[in-house]
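Residue numbers (my numbering): 1 to 276.
Glycine included, each C-beta is placed from N, C-alpha and C at the ideal position.
Okay, so here's the structure we're looking at.
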Ligand SMILES: NC(=O)c1ccc[n+]([C@@H]2O[C@H](COP(=O)([O-])OP(=O)(O)OC[C@H]3O[C@@H](n4cnc5c(N)ncnc54)[C@H](OP(=O)(O)O)[C@@H]3O)[C@@H](O)[C@H]2O)c1
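This is how it looks when you write it as structure tokens:
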């Protein structure tokens, strides 16, 4: 859907003037859904001593409350046996979303207000995405004869974790450059209102593309998929949907930069160095 309507928020959503929600609040509400649904779906597969009914793969409030206990129980019960792959995948997902939903918005000076429709679309996507990816991990805990590799020394797994980590660090790094631009805005002397809010980013892969944070995000989720042994359909669908949302948005942002800043570097591409 965002692919069709072009993800109109932030610098690309300034024509939307009604039904706006506070940008940071919308962001937190939208993103926090993903880890909560992911982990509570997984927890519903775990055998909890005090709540046997949670073996049904259903999302419920009682599952949310039992998450910390379930996770600690499973970490001790399964780490080193057949659950090490899943535990690393869970760690990757939660680390990403702890940063994305809490640390990242708190580090920002401001976020543009978001249209309520975009927020609801984001919530819907994260509900579905958190559920199907959590379901895959939760159900693979239970499989004995499975195509899923449970061997943490598996080559796919090692490469996947390395690629994910690279993407994660790159994503945070370039997001941080964007966040810093606005924090440093008092040092700038641009005239128009828009230029006071937005600046030309420099540093890292910004030398090559306008949206390296998006490029790194795609790399992250490709890495997550590879770490599943290339066997999780929800994970590859997530990587593909991330690219199909962020690539068109990067192209729009790239055009917008070129139209907004006359001095915008001519050699930059939108999202893939030297290509797109
Ligand atoms: N997995 C997915 O499908 C998906 C989808 C969307 C986003 N994300 C990730 O979420 C993170 C944020 O994405 P986003 O779409 O919000 O990125 P964005 O549009 O580039 O904006 C990021 C933040 O930086 C500010 N900003 C952007 N360009 C700026 C500039 N030139 N000067 C000063 N400030 C600037 C924005 O302010 P304003 O809010 O005021 O515009 C916003 O607060 C990224 O890491 C992205 O990869 C993932």
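| Query | Result |
| --- | --- |
| Could you check the C-alpha separation between residue 184 and residue 202 for me, to the nearest Å? | 13 Å |
| Is it true that the segment 12-22 meets the segment 80-100, where meeting means three or more beta-carbon pairs spaced less than 8 Å apart? | no |
| I need the DSSP call for residue 24, collapsed to helix, strand or coil. | helix |
| For the alpha helix (DSSP H) that residue 222 lies in, which residues bound it at each end? | 212-227 |
| Taking the beta carbon of residue 124 as the centre, do at least 16 other beta carbons fall within 10 Å, making it buried, or is it exposed? | exposed |
| Of all the options 263, 234, 26, 7, which has the alpha carbon lying nearest to the alpha carbon of residue 113? | 26 |
| Kindly indicate the opening and closing residues of the alpha helix (DSSP H) around residue 101. | It is not in any alpha helix (DSSP H) - residue 101 carries neither H nor E in the DSSP assignment. |
| Rounded to the nearest angstrom, how far is the Cβ of residue 216 from that of residue 167, given a contact under 8 Å? | 5 Å |
| Any idea if residue 130 is buried or exposed, counting beta-carbon neighbours within 10 angstroms, 16 or more meaning buried? | buried |
| Taking the alpha-carbon positions, what's the residue 9 to residue 133 distance? | 26 Å |
| When the Cα atoms are used, what is the spatial distance from residue 31 to residue 249? | 18 Å |
| Measuring CA to CA, which of 271, 245, 182, 108 is closest to residue 118? | 245 |
| Consult DSSP for residue 269 and reduce its assignment to one of helix, strand or coil. | strand |
| Tell me, please, which residues DSSP counts as bridged to residue 115. | 20 |
| Which value, in whole angstroms, describes the spacing of the CA atoms of residue 271 and residue 214? | 7 Å |
| Quick one: measure Cβ to Cβ for residue 212 and residue 223, integer angstroms, because I've assumed they're closer than 8 Å. | About 16 Å; that fails the 8 Å criterion. |
| Residue 155: which of 220, 206, 227, 141 sits nearest, CA to CA? | 227 |
| Any heavy atom of ligand 1 inside 7 Å of the beta-carbon of residue 212? | no |
| Suppose you measure from the CA of residue 260 to the CA of residue 231; what does that come to, to the nearest Å? | 43 Å |
| Residue 97 to residue 263, Cα distance in whole Å? | 35 Å |
| Identify which residue in 266, 165, 143 has its Cα closest to the Cα of residue 208. | 266 |
| Leaving out the 5 sequence neighbours to the left and right, which residues in its chain are closer than 6 Å to residue 23 when beta-carbon positions are compared? | 111, 112, 113, 114 |
| When we look at the beta-carbon of residue 35 and count the other beta-carbons within 10 Å, is it buried (16 or more) or exposed? | buried |
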